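Peer 1: Going down the list, the protein sequences come from chains B and E.
Going by my numbering, the first residue of the first sequence is number 495, and it counts up by one from there.
Going by my numbering, the first residue of the second sequence is number 152, and it counts up by one from there.
From the three backbone atoms N, C-alpha and C, an ideal C-beta is built for every residue, glycine too.
This structure is a prediction, so every number in the text was calculated from the model and none was measured.
Pasting a structure below so you can have a look.
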Amino acid sequence: MSSHAKAAKKFIADRERTAWHDQALYFVREKRDKMAHDVSEWEELREMASRMKRHTISNLAYYLDMFERNATANGIHVHWAKDAEEHNRIVYEIIQKHGGKNLVKSKSMLSEECGLTPYLKARGVDAVESDLGERIMQLMGMPPSHIVLPAIHVRREEVGKVFEKELHTEPGNSDPTYLTHAARAALREKFLHADIAMTGVNFAVASSGAFVVCTNEGNADMGTSFPKVHIAIMGLEKVIPDYGALSLYIRLLARSATGQPSTTYTSHYKKPVEGQEMHVVIVDNGRSDILACTEHVNMLKCIRCGSCINTCPVYRRTGGYSYSYFIPGPVGINLGMLKSPEKYSGNVSACSLCYSCSNVCPVKIDLAEQIYKWRQNLAPLHLAAPSKKFMEKGMKFVMEHPGLFYPAIKAGRIAEKMPRFVLYNSLDAWGIGRELPQFAEETFNAMWKKGKMK
Amino acid sequence: MKLVTNYYIMKIGLFIPCYINAIYPNVGVASYKLLKSLGLDVDYPLDQTCCGQPMANGGFQKDSAKLAERMERLFEKYDYVVGPSASCVVFVKEHYPTLLHKEEHACISSRIFEICEFLHDVVKVEKLNARFPHKVSIHNSCHGERLLHLSSPSELVIPRYSKLKDLLSLVKDVEVFEPKRVDECCGFGGMFAVEEAATSVCMGQDKVHDHMSTGAEYITGADSSCLMHMEGIIRREKLPIKTIHVAEILSNGL
């Protein structure tokens, strides 16, 4: 069994929770549908956004260079990190230079990718998540289970329990408004005493050297208001040519992600306040290798909206933690394989090839098609499951020989008369929740041969 | 190869996928009767086995090459190849050019149609003599819809359509419904059904219940594979709903 299949089996064992998780995410998908259907030119926008990304990643060096030039002219310090380790080191050096101890950060999957928070913690820097969902996960001591909705798998009663322990809220009170107020009050303290602000970057605008951060809680703005140092971190695929391109992606991002016309806050950062510092760390960490990978280069178009995750019927029923890569769903299956097939091939089975992900993607990434391609590559990489290979080879051999196929059906007819305990044993994956299909008394082939159809 | 446009003189090769041959031969019979009733010249090339899709979806596309060559040989002499399984048809359509190292127009891929697609788009039927006095819920299968375009995917902002609905509207006395999640995957997915059995069964149970909530007596669709998976769940849980291939409805009473 693949690593995903194993974890999924455990998750699904709690049917009530599975149904709740599925419904919560399907609700987000439905909100996305409603928003998309309100924009009559939606499909044209997707096409344009996809082409714009294609153009940008085809000229990546050009636009990154332009961004660096313009950002530097604006007074922003631009840093380049080839991998996670260099990224962490650069961030830490900036913090160290300012004697920082308390970092307050808005949501960033890149920091998750680089393992920044534990890295800083080991060096005496406290990094506090200011996005509510991320903060809940931080207090629970768990990673986010979704890239946009980090705590979507957590029920409010569970949040209540954690807050009771960590923030000393009233025992047994799990009212969302009450808990949000408690989180806000506690975070306010963190904001006031932070000496370093960190944000992610949704879009880096090459033509102006500015970057844009989209949040719903205003936590990025709050976080960057007090400290004198702002460090923004971005994967190098976040660069876009200009404001024309930005207008396109802003229309697509929140609609696709959460079914909102736009995020509540779309914050533009162009230059530091006088006497303060602003840094941007541009991270490669394997991204430029994807550029050279023609079959999967489209992954660099991703704007991390999470719509492919929300629509994925497998993800909805198995939860984010069933995937071994830190990003779940179709996008995570593909990015994980690009990161390390040896480590993350256990997620490739988590797809029924329904193709819904490819249809919701606002930049038209061929997500399902790419998963199909990864499956073809597992055998040459010697990562295909032996049992599956065995089954496949047997099937292939029989199907290539009609002289074997039709007798095999006859044998099957006899076999299915066996007692139930033989037919439905623990080794038979089909039989866990389904009756086996029954062979017909006569194949179509036999009927035709006997002239029954003439 | 040029497609024959006068459908009275065209020769149709009936493509009966492996599992329909073995498990649902009645779907083959229904398809044959249906095409025949429209005055078409239908033949079945003997000893068909499998198109190779199960191997390919599992990650062994290369192993499907011999089966593709076999299919290509079997159907060489026909103007059209028509089969009652959207998933298999679309596999032949999309992957055979690669497997056979041929251009699409030069191989079976350009001449193969799923039976509803064929009736709707090529023959353009306007009248059927079928009658089916029952409530049915349409199963918009993923490959039928998102790859073969039998209906409009709910994710896309395009005009709504459904070729199955159009065809069923020609059948007397049938009442047609669709589940609330109109095109959610049922969880079959070929090898996925056994490789991710727990998830597959969970998806199937959810889907069957969604179909049941329409009040339908039958789940119908253009893919017997999805129907087979859901039928397995229905029989295991003894649920009050049945499955039927859409060709069996379109040919009922002929």
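#1: Suppose the cutoff is 6 Å on Cβ atoms and the five residues either side in sequence are ignored; what does the same chain contact list for N596 of chain B look like?
#2: So, F242 of chain E versus C202 of chain E, is the Cβ gap smaller than 8 Å?
#3: Give me the chain E residues within the contact set of W942 of chain B, using Cβ-Cβ distance strictly less than 8 Å, ordered along the chain.
#4: Just verifying my parser: in three-state terms, what is the DSSP assignment at Y759 of chain B?
#5: Is it true that the CB of S818 of chain B sits closer than 8 Å to the CB of G840 of chain B?
#6: Helix, strand or coil for H294 of chain E, going by three-state DSSP, please let me know.
#7: Using DSSP bridges, identify the partner residues of I734 of chain B.
#8: Give the single residue among B:L898, B:I797, B:E535 and B:K944 whose Cα lies nearest to the Cα of L307 of chain E.
#9: From the beta carbon of S850 of chain B, is the nearest beta carbon of chain E less than 8 Å away?
#10: Quick check: the Cα distance between S625 of chain B and H246 of chain E, rounded to an integer number of angstroms?
#11: Residues bridged to T693 of chain B by DSSP?
#12: According to DSSP, simplified to helix, strand and coil, what is C608 of chain B?
#13: Any idea what DSSP makes of M206 of chain E, helix, strand or coil?
#14: For the beta strand (DSSP E) containing C377 of chain E, name the first residue and the last one.
#15: Please check the pair A237 of chain E and H294 of chain E, which I expect to be a contact at CB under 8 Å, by giving their CB distance rounded to whole angstroms.
#16: For the segment 208-220 of chain E, which residues have a CB atom closer than 9 Å to at least one CB atom of chain B, in sequence order?
#17: According to DSSP, simplified to helix, strand and coil, what is D192 of chain E?
#18: Assuming K684 of chain B and V622 of chain B form a contact by the criterion Cβ under 8 Å, report the distance between their Cβ atoms to the nearest whole angstrom.
#19: Would L861 of chain B pass as an interface residue toward chain E - the criterion being a Cβ-Cβ separation below 8 Å?
#20: Count the other CB atoms within 10 Å of the CB of L875 of chain B; is the residue buried (16 or more) or exposed (fewer)?
#21: Using a beta-carbon distance cut-off of less than 8 Å, what residues from the segment 528-542 of chain B approach chain E?
#22: Are the Cβ atoms of D411 of chain E and I171 of chain E separated by less than 8 Å?
#23: Rounded to whole angstroms, what is the Cα-Cα separation between Q932 of chain B and E538 of chain B?
#24: Please list, in chain order, all residues of the same chain as F269 of chain E whose beta carbon is under 6 Å from its beta carbon, the five residues on each side excluded.
#25: Should K500 of chain B be labelled buried (16 or more other beta-carbon atoms within 10 Å of its own) or exposed?
#26: Buried or exposed for M152 of chain E, please, with buried defined as at least 16 other CB atoms from any protein chain shown within 10 angstroms of its CB.
#27: Does A518 of chain B get closer than 8 Å to chain E when you measure Cβ to Cβ?
#28: Which same chain residues end up closer than 7 Å to C336 of chain E when comparing Cβ atoms and leaving out the 5 residues on each side of it in sequence?
#29: What's the C-alpha gap between S600 of chain B and Y520 of chain B?
#30: Could you give the first and the last residue of the continuous beta strand (DSSP E) run that contains N172 of chain E?
#31: I need the straight-line Cα distance from R745 of chain B to P755 of chain B, nearest angstrom please.
#32: In angstroms with no decimal places, state the Cα-to-Cα distance between V322 of chain E and F820 of chain B.
#33: Please state if the CB of P612 of chain B and the CB of E628 of chain B are separated by a distance shorter than 8 Å.
#34: Going by C-alpha distance, which of B:A645, B:I506, B:K659 and B:A691 is nearest I589 of chain B?
#35: Could you please give the first and the last residue of the uninterrupted alpha helix (DSSP H) stretch that includes Y900 of chain B?
Peer 2: Let's see:
#1: Here residue 596 of chain B refers to the residue found at position 102 of the first sequence. Counting only Cβ-Cβ distances below 6 Å, and skipping sequence neighbours, we find D620, H687, A688 and D689.
#2: Walking along the second sequence from the start, residue 242 of chain E turns up at place 91. Walking along the second sequence from the start, residue 202 of chain E turns up at place 51. Against a cut-off of 8 Å, the Cβ pair of C202 of chain E and F242 of chain E comes out as a contact.
#3: Translated into the one-based positions of the first sequence, residue 942 of chain B becomes position 448. Ordered by position in chain E, the residues that pass the 8 Å Cβ test against W942 of chain B are Y195 and L197.
#4: As a first step, residue 759 of chain B must be located in the first sequence, where it is residue number 265. Per DSSP, reduced to three states, the secondary structure at Y759 of chain B is strand.
#5: As a position in the first sequence, residue 840 of chain B is number 346, starting the count at 1. As a position in the first sequence, residue 818 of chain B is number 324, starting the count at 1. A contact, by the Cβ cut-off of 8 Å.
#6: By 1-based counting over the second sequence, the position of residue 294 of chain E is 143. DSSP places H294 of chain E in helix when its eight states are reduced to three.
#7: Working through the first sequence from its first residue, we reach residue 734 of chain B at position 240. Answer is B:V699.
#8: By one-based count along the second sequence, residue 307 of chain E stands at place 156. Measuring from the Cα of L307 of chain E, the nearest candidate turns out to be B:E535.
#9: As a working note, residue 850 of chain B is residue 356 in the first sequence. Yes, contact with chain E.
#10: Looking up residue 625 of chain B in the first sequence gives position 131. Looking up residue 246 of chain E in the second sequence gives position 95. In the sequence as presented, Ser is not what sits at residue 625 of chain B; that position holds Asp. Roughly 45 Å separates the two Cα atoms.
#11: Your numbering for residue 693 of chain B matches position 199 in the first sequence. For T693 of chain B, which the question treats as bridged, DSSP gives the partners B:A726.
#12: As a working note, residue 608 of chain B is residue 114 in the first sequence. DSSP places C608 of chain B in helix when its eight states are reduced to three.
#13: In the second sequence, counting from the first residue as 1, residue 206 of chain E sits at position 55. If DSSP states are grouped into helix, strand and coil, M206 of chain E belongs with the helices.
#14: The count along the second sequence starts at 1 and reaches residue 377 of chain E at position 226. Not the beta strand (DSSP E): C377 of chain E falls in the alpha helix (DSSP H), residues S375 to E388.
#15: For the purposes of this step, residue 237 of chain E is identified with residue 86 of the second sequence, where counting begins at 1. For the purposes of this step, residue 294 of chain E is identified with residue 143 of the second sequence, where counting begins at 1. With 8 Å as the limit, A237 of chain E and H294 of chain E qualify as a contact, their Cβ atoms being about 5 Å apart.
#16: N208, G209, G210, F211, Q212, K213, D214, S215, K217 and L218
#17: Numbered from its first residue, the second sequence carries residue 192 of chain E at position 41. In the structure shown, D192 of chain E sits in a strand (DSSP, three-state: E or B).
#18: Taking the first residue of the first sequence as position 1, residue 684 of chain B is located at position 190. Taking the first residue of the first sequence as position 1, residue 622 of chain B is located at position 128. K684 of chain B to V622 of chain B, Cβ: 5 Å. Contact.
#19: Position 367 of the first sequence, counting from 1, holds the residue named residue 861 of chain B. With 8 Å as the cut-off, L861 of chain B does not count as an interface residue toward chain E.
#20: In the first sequence, counting from the first residue as 1, residue 875 of chain B sits at position 381. Exposed, by the Cβ-count rule.
#21: A530, H531, V533, S534, W536 and E537
#22: Only positions 152 to 405 of chain E appear in this structure, which leaves residue 411 of chain E out of reach.
#23: Along the first sequence, one-based indexing puts residue 932 of chain B at 438. Along the first sequence, one-based indexing puts residue 538 of chain B at 44. Those two C-alpha atoms are separated by around 47 Å.
#24: Position 118 of the second sequence, counted from the first residue, corresponds to residue 269 of chain E. Cβ neighbours of F269 of chain E beyond the five flanking positions: V233.
#25: On the first sequence, residue 500 of chain B is found 6 positions in, with the first residue counted as 1. Answer is exposed; the Cβ neighbour count stays below 16.
#26: As a first step, residue 152 of chain E must be located in the second sequence, where it is residue number 1. Low local confidence applies: a pLDDT of 46 at M152 of chain E is under 50, so the model's placement there is unreliable, with the coordinate-based value given in what follows. Classification for M152 of chain E: exposed.
#27: Residue numbering aside, residue 518 of chain B sits at position 24 when the first sequence is read from its first letter. Output row for A518 of chain B: interface = no.
#28: If you number the second sequence from 1, residue 336 of chain E lands on position 185. Setting aside the 5 residues that flank it on each side, C336 of chain E is surrounded in the same chain by C293 and M354, each with a C-beta closer than 7 Å to its C-beta; the list follows chain order.
#29: On the first sequence, residue 600 of chain B is found 106 positions in, with the first residue counted as 1. On the first sequence, residue 520 of chain B is found 26 positions in, with the first residue counted as 1. Roughly 26 Å separates the two Cα atoms.
#30: If you number the second sequence from 1, residue 172 of chain E lands on position 21. Where N172 of chain E is concerned, there is no enclosing beta strand (DSSP E), although the alpha helix (DSSP H) it sits in stretches over C169 to A173.
#31: Indexing the first sequence from 1 puts residue 745 of chain B at position 251. Indexing the first sequence from 1 puts residue 755 of chain B at position 261. Approximately 7 Å between the Cα atoms of the pair.
#32: For the purposes of this step, residue 322 of chain E is taken as the residue at position 171 of the second sequence. For the purposes of this step, residue 820 of chain B is taken as the residue at position 326 of the first sequence. Approximately 51 Å, taken between the alpha carbons.
#33: Translated into positions along the first sequence, residue 628 of chain B becomes position 134. Translated into positions along the first sequence, residue 612 of chain B becomes position 118. Their beta carbons are not under 8 Å apart, which means E628 of chain B does not touch P612 of chain B by this criterion.
#34: Translated into the one-based positions of the first sequence, residue 589 of chain B becomes position 95. Looking at the Cα atoms, B:A691 is the closest of the given residues.
#35: Indexing the first sequence from 1 puts residue 900 of chain B at position 406. P896 to A909 is the span of the alpha helix (DSSP H), which, as asked, contains Y900 of chain B.
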